[in-house]
Amino acid sequence: MLHSQSAEIIPSRWYNVVPDLPEPLPPPRSGSEEKSSIELLNSIIPAEMLRQEFTFNRYERIPDEIREQYLQVGRPTPLVRAVNLERVLGFSGKIFYKFEGATVTGSHKINTALPQAFYAAQEGVPEIVTETGAGQWGTATSMAGAINGLRTTVFMVKVSYNQKPGRKTVMGLYDGTVIASPSDKTDFGRRVLREKPDHPGSLGIAISEAVEYAISNGYRYMLGSVMNSVLTHQSVIGQETIAQLEMLGETPDALIGCVGGGSNFGGFVFPFIPGNRETEMIASTALEVPKFSKGEYRYDFIDSAGILPMLRMFSLGSDFVPGKIYAGGLRYHGSAPSLSILIRNGRIKTDEVGEEEVITALKLFARTQGVVAAPESGHAIASALRYVRNPDNAGKTVVINVSGHGYLDLGIFGEKK
Ligand SMILES: Cc1ncc(COP(=O)(O)O)c(C=O)c1O
1 MLHSQSAEII
11 PSRWYNVVPD
21 LPEPLPPPRS
31 GSEEKSSIEL
41 LNSIIPAEML
51 RQEFTFNRYE
61 RIPDEIREQY
71 LQVGRPTPLV
81 RAVNLERVLG
91 FSGKIFYKFE
101 GATVTGSHKI
111 NTALPQAFYA
121 AQEGVPEIVT
131 ETGAGQWGTA
141 TSMAGAINGL
151 RTTVFMVKVS
161 YNQKPGRKTV
171 MGLYDGTVIA
181 SPSDKTDFGR
191 RVLREKPDHP
201 GSLGIAISEA
211 VEYAISNGYR
221 YMLGSVMNSV
231 LTHQSVIGQE
241 TIAQLEMLGE
251 TPDALIGCVG
261 GGSNFGGFVF
271 PFIPGNRETE
281 MIASTALEVP
291 KFSKGEYRYD
301 FIDSAGILPM
311 LRMFSLGSDF
321 VPGKIYAGGL
331 RYHGSAPSLS
341 ILIRNGRIKT
351 DEVGEEEVIT
361 ALKLFARTQG
371 VVAAPESGHA
381 IASALRYVRN
391 PDNAGKTVVI
401 NVSGHGYLDL
411 GIFGEKK
């Protein structure tokens with residue numbers, strides 16, 4: 001029994017889109033013949049994660065302990081009608097937003113960090129390990145580690161480590177150990193530092209370090225996005241939204257969210273897919289990272305070091321170096337295979353928004369709704385503004401997924417007017 005009056009909205013099962021895809025999900029592939037990166041992945045992620053990664057079950061029961069943890073961290077998150085935004089825009093329809101920024105760690109990332117940490121703890125390991133770029137994922141992992149009785153080590157890209165001291169503080173509060181990457185803690189990091197002592201780091205290097213550290217110590221490695229099991233965990237977002245819209249007697253015409261690796265977007269829209277051809281679904285990416293318009297659909301590495309397996313997905317190439325946009329979570333070169341299939345077959349549409357337009361959208365959202373959204377979520381808001389300003393969409397009902405708050409990313413406003 002969960003102790004809250006809103007607890008019944010928290011789903012009792014996760015939704016896995018795989019059986020509802022128009023074609024089979026291409027399996028991960030090893031990059032090199034002699035060293036199986038799939039075997040490597042199998043040895044560092046919890047066995048239950050591995051099972052969920054390859055399951056064809058449409059639903060997976062959420063353990064009671066995880067439902068309780070979801071409640072503790074702020075689920076269900078609110079679905080709010082943005083009446084002030086509607087009024088300022090003079091929009092004749094309705095705009096709702098699902099606010100994942102209301103979780104205690106400030107983003108949707110906690111939805112998968114909790115089950116992954118829980119499964120790791122069940123295997124008896126003392127520690128979980130991951131990498132983080134902008135910091136949201138490392139924050140969620142540290143918190144999930146803390147409440148599941150595990151130590152957490154986070155390899156944080158050095159440039160972010162130096163730029164975002166607030167993130168380090170929060171991870172430290174959750175008892176996470178944050179290491180600037182490249183570091184002297186791994187062979188890979190030491191090699192990078194030997195070649196370039198002032199290397200600013202990259203997500204690829206941080207992943208390599210985290211994986212090496214997990215293997216050499218027998219710890220478990222946590223997956224932040226892209227993998228199917230992660231999107232399955234994120235389905236709590238969409239399932240709650242369906243229940244909340246039903247309570248309000250609303251049917252959405254459009255669902256809009258942002259895409260880095262695809263986890264918040266997939267988790268938000270996929271539960272609406274079974275039996276539904278009408279609702280428009282729009283995946284908003286950064287103009288500076290045009291994976292859907294300029295990327296290729298092919299097998300590519302998950303990480304730039306090529307340590308983890310390859311996935312068939314839209315990708316700009318695992319060696320793609322994005323510009324320094326604030327939305328760090330959208331700088332990823334690829335996108336989840338399931339999402340890639342649905343974009344290719346036209347079920348999900350895409351949109352690209354540049355940083356200036358995102359900043360304007362974030363300011364309007366703050367001034368009308370009071371919400372300081374994350375830079376990543378600003379892309380969803382900007383695409384929604386485009387949608388509602390299109391006269392063809394007058395009178396429609398739109399739901400935006402606001403994946404996180406932006407209180408630790410205020411630099412986006414400070415440096416540009
Ligand atoms: C707040 C927020 N939104 C969105 C993203 C993008 O990731 P994903 O596409 O996996 O949801 C991130 C990633 O770091 C994030 O922190």
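If you read the sequence shown in the numbering used here, its first letter stands for residue 1, the second for the next number, and so on. Quick reminder that beta carbons are idealized off the backbone N, C-alpha and C, glycines included.
A straight-line Cα-Cα distance of about 12 Å links residue 393 and residue 95. Every beta strand (DSSP E) of 3 residues or more that sits fully in the region 293-338 is shown, in chain order, as 296-301, 310-315. Linking residue 209 to residue 185 through their CA atoms gives a straight-line distance of about 8 Å.
DSSP places residue 352 in the uninterrupted beta strand (DSSP E) bounded by 349-353.
Here residue 126 has 150, 151 as same chain residues with Cβ atoms under 7 Å from its own Cβ, once five neighbours each way along the sequence are excluded. DSSP places residue 230 inside the alpha helix (DSSP H), whose first and last residues are 228-233. Between the alpha carbons of residue 338 and residue 124 lies a distance of about 32 Å. Under the three-pair Cβ rule at 8 Å, the region 303-321 does not count as touching the region 241-255.
Residue 310 sits away from residue 53, with the two beta carbons spaced by 9 Å or more. Looking at the DSSP output, residue 94 shares a beta bridge with 397. For ligand 1, a non-hydrogen atom lies closer than 8 Å to the CB of residue 109. Distances from the CA of residue 75 to each of 32, 92, 100 were compared; the closest alpha carbon is that of 100.
C-alpha of residue 192 to C-alpha of residue 332: approximately 21 Å in a straight line. The region 62-79 makes contact with the region 106-122: 3 or more CB pairs, one atom from each, lie closer than 8 Å. Shown here for residue 41: same chain residues with a beta carbon closer than 7 Å to its own, the five before and five after excluded, namely 308, 309 in chain order.
Residue 329 is positioned such that its CB atom lies no closer than 9 Å to that of residue 378. According to DSSP, residue pairing for residue 107 in a beta bridge involves 404. For residue 284 against residue 372, the beta-carbon gap comes to about 18 Å, at or over 8 Å, which does not count as contact. When distances are taken from the beta-carbon of residue 121 to the heavy atoms of ligand 1, even the shortest one reaches 8 Å or more. Check the Cα spacing between residue 312 and each of 325, 304, 296, 327: the tightest is with 296.
Distance from the CA atom of residue 39 to the CA atom of residue 142, rounded to whole angstroms, is 26 Å. Under the three-state reduction of DSSP output, residue 410 falls in the coil class, being neither helix nor strand. Distances from the CB of residue 376 to the heavy atoms of ligand 1 include at least one below 8 Å. The beta carbon of residue 222 sits closer than 6 Å to the beta carbons of 116, 128, 130, 141 from its chain, once the five residues preceding and following it are set aside; these are given in chain order. Between the region 5-12 and the region 169-179, the count of Cβ pairs shorter than 8 Å is below three; the stretches do not touch. Shown here for residue 236: same chain residues with a beta carbon closer than 6 Å to its own, the five before and five after excluded, namely 11, 111 in chain order. For residue 257, there is no enclosing alpha helix (DSSP H); the residue is found in the beta strand (DSSP E) stretching over 254-258. From the listed residues 413, 204, 385, 103, the smallest Cα separation to residue 88 is found for 385.
Your pair residue 132 and residue 104 does not check out as a contact, with CB atoms roughly 17 Å apart and the cut at 8 Å. Out of 388, 72, 414, the CA that lies nearest to the CA of residue 86 is found in 388. Sixteen is the threshold: when 16 or more other Cβ atoms of the shown chains lie within 10 Å of the Cβ of residue 315, as they do, the residue is buried. Taking the Cα positions, residue 78 is about 42 Å away from residue 31. Under the DSSP assignment, residue 131 falls in the beta strand (DSSP E) whose first and last residues are 127-132.
Judged by DSSP in its simplified three-state form, residue 54 adopts helix. Taken from the Cβ of residue 264, at least one heavy atom of ligand 1 lies inside 8 Å.
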